[in-house]
Amino acid sequence: MAAAVAISQARFGPGACRAAVLAPADPLLLAVAAPMAAVIGGPVLIAAPNCIPTSTRAELERIGATRLVALGLDLPGTEKVGTSQDDSPTLSIVAAIFVRAAAGTVRAFAIGATEQSHRLAGPVGAAAALRKFPVMLGPDAARQGAMEGERRAAVTYLVGRDAIAAAAQVPGGFPLPAPTDDDVAARLAQLLKADGVKATSVGIAPPGADPVLAAVLGSCGGPVLTAPASPTALPGDPAAPSAQRVFTLPA
Numbered sequence: 018m019a020a021a022v023a024i025s026q027a028r029f030g031p032g033a034c035r036a037a038v039l040a041p042a043d044p045l046l047l048a049v050a051a052p053m054a055a056v057i058g059g060p061v062l063i064a065a066p067n068c069i070p071t072s073t074r075a076e077l078e079r080i081g082a083t084r085l086v087a088l089g090l091d092l093p094g095t096e097k098v099g100t101s102q103d104d105s106p107t108l109s110i111v112a113a114i115f116v117r118a119a120a121g122t123v124r125a126f127a128i129g130a131t132e133q134s135h136r137l138a139g140p141v142g143a144a145a146a147l148r149k150f151p152v153m154l155g156p157d158a159a160r161q162g163a164m165e166g167e168r169r170a171a172v173t174y175l176v177g178r179d180a181i182a183a184a185a186q187v188p189g190g191f192p193l194p195a196p197t198d199d200d201v202a203a204r205l206a207q208l209l210k211a212d213g214v215k216a217t218s219v220g221i222a223p224p225g226a227d228p229v230l231a232a233v234l235g236s237c238g239g240p241v242l243t244a245p246a247s248p249t250a251l252p253g254d255p256a257a258p259s260a261q262r263v264f265t266l267p268a
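Going from the sequence shown to this note's numbering is simple: count from 1 and add 17.
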């Protein structure tokens, strides 16, 4: 929770943005929330299922947010995307509708909906936010996102072993293999570079970082890489080193 507030404070000045996304402290849902925040131009902040913590509320007041989008939270006075009764794959589907309506994108990222994918949440959420692509959780959600709706995903980038194993089930599925989970971040940075994405920030997470904290980095405004990457020699070099704001989690 404190990390999300700190990132928001670093990225947004007082009165800087009118909207924010509130999400649970769940790595997968924080990855889903990152592109939602990107399309409305605000931060991702963490809230409890039925209340907004004092520190989060104070940050909302500081940045001047009057539009609060709640992902999987039953919070009064918010624009609800799903409810606390929805599972993670379902929430990723309704969040994808939200993102596509705002960004008009026909691409997506997909990771597994299991605990094994928690380590991927930060890098995938960050890449999705930079491209304004939704994040789908699990093969069923990825398949539905590719087959249903007015803005179906023509291409779904499958990240991690769980998602790649289901490639045959997802129309337009495009696997992004990496030797290990720790190499996924560099693989995504290379994809962003190939797409011509520029970023002024970067998040650095050490191997074995708390999954929730690493997922919070997904809203840092740049790619999330796994230490011991050097901020001056990033895999894929998605932005000029001199232009980067570096957010680092402690080892």
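Glycine residues also receive a C-beta, built at the ideal position from the N, C-alpha and C atoms.
{"Query": "Beta-carbon contacts of Ala119 that lie in its chain and below 6 angstroms, excluding the five residues immediately before and after", "Result": "Val56"}
{"Query": "Sequence ranges, alpha helix (DSSP H) only - wholly within the segment 43-125, length at least 4", "Result": "44-57, 71-80, 105-120"}
{"Query": "With 16 other Cβ atoms within 10 Å as the buried cut-off, status of Pro93", "Result": "exposed"}
{"Query": "Residues that Pro192 bridges to, as DSSP identifies them", "Result": "Leu175"}
{"Query": "Euclidean distance between Cα positions of Asp227 and Leu47", "Result": "13 angstroms"}
{"Query": "Nearest candidate by alpha-carbon position, reference Ala54, set Gln102, Ile69, Ala113", "Result": "Ala113"}
{"Query": "Option nearest Ala33 by Cα separation, candidates Glu76, Pro66, Lys149, Pro52", "Result": "Glu76"}
{"Query": "Three-way DSSP call (helix, strand, coil) for Val219 in this model", "Result": "strand"}
{"Query": "Leu234 and Ala222 closer than 8 angstroms at C-beta", "Result": "yes"}
{"Query": "Cut-off 8 angstroms between Cβ atoms - residues of its own chain near Gly81, not counting five sequence neighbours on either side", "Result": "Pro31, Gly32, Ala33, Cys34, Arg35"}
{"Query": "Simplified DSSP state of Leu266, which is helix, strand or coil", "Result": "coil"}
{"Query": "Sequence-distant residues of its chain with Cβ nearer than 7 angstroms to Gly133 (five each side left out)", "Result": "The sequence given here has Gln at residue 133, not Gly. Asp179."}
{"Query": "Classification of Gly239 by the beta-carbon crowding that lies within 10 angstroms, buried from 16 upward", "Result": "buried"}
{"Query": "CB-CB length for Val123 against Ala51, believed under 8 angstroms", "Result": "Contact doesn't hold; Cβ gap of about 19 angstroms is too wide."}
{"Query": "Nearest-angstrom Cα separation, counted from Ala231 out to Arg136", "Result": "8 angstroms"}
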